[in-house]
Amino acid sequence: MSSRTRELTVQVKTLYLGEESRPDAKRYVFAYTVTMQNTGTIAARLLGRRWLITDANGKVIEVVGEGVVGEHPYLRPGEAFQYTSSAMIETPVGTMQGSYQLVADDGVPFEAPIAPFSLAIPRTLH
1 MSSRTRELTV QVKTLYLGEE SRPDAKRYVF AYTVTMQNTG TIAARLLGRR WLITDANGKV
61 IEVVGEGVVG EHPYLRPGEA FQYTSSAMIE TPVGTMQGSY QLVADDGVPF EAPIAPFSLA
121 IPRTLH
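Taking the UniProt record's numbering, I'd label the letters of the sequence shown as residues 1 to 126.
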């Protein structure tokens, strides 16, 4: 009997978009680039996502949807997929975290957590 693992490694990089932000209107826009890699031993397709975006005032926005950037990437073991999207918050600092919902080739659904990461304008956090 073979053992099959379902694992997705997620890395995120963020960038403050000053040209799209309006601090006077409490609008801070951040781009985030996600790289996901199938580190398991079975292929899987990403079905959906769930994000929790929290600003410094504790305001939480939940984003739930199908796929990512209009796609449902299919990742064989070792393959990666990268995309860039954006988020807007009302404070110069915030966080994002969430999960991806996937289904493996054997039909078993699984969830891949996305660890919390910071949204912060440069030189705001030490």
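Note that beta-carbon positions come from the ideal geometry of N, C-alpha and C, so glycine has one too.
Item: Given 8 Å, three or more beta-carbon pairs between the segment 112-119 and the segment 65-84; Value: no
Item: Residues that DSSP places opposite Pro122 in a beta bridge; Value: Partner(s): none; Pro122 has no beta bridge.
Item: Simplified DSSP assignment, three categories, for Asp55; Value: strand
Item: Coil, strand or helix - Leu8 by DSSP; Value: strand
Item: Unbroken beta strand (DSSP E) run spanning Val29, endpoints; Value: 28-38
Item: Test item: CB-CB of Leu17 and Thr33 under 9 Å; Value: no
Item: Beta strand (DSSP E) segment containing Thr95, residue limits; Value: 93-104
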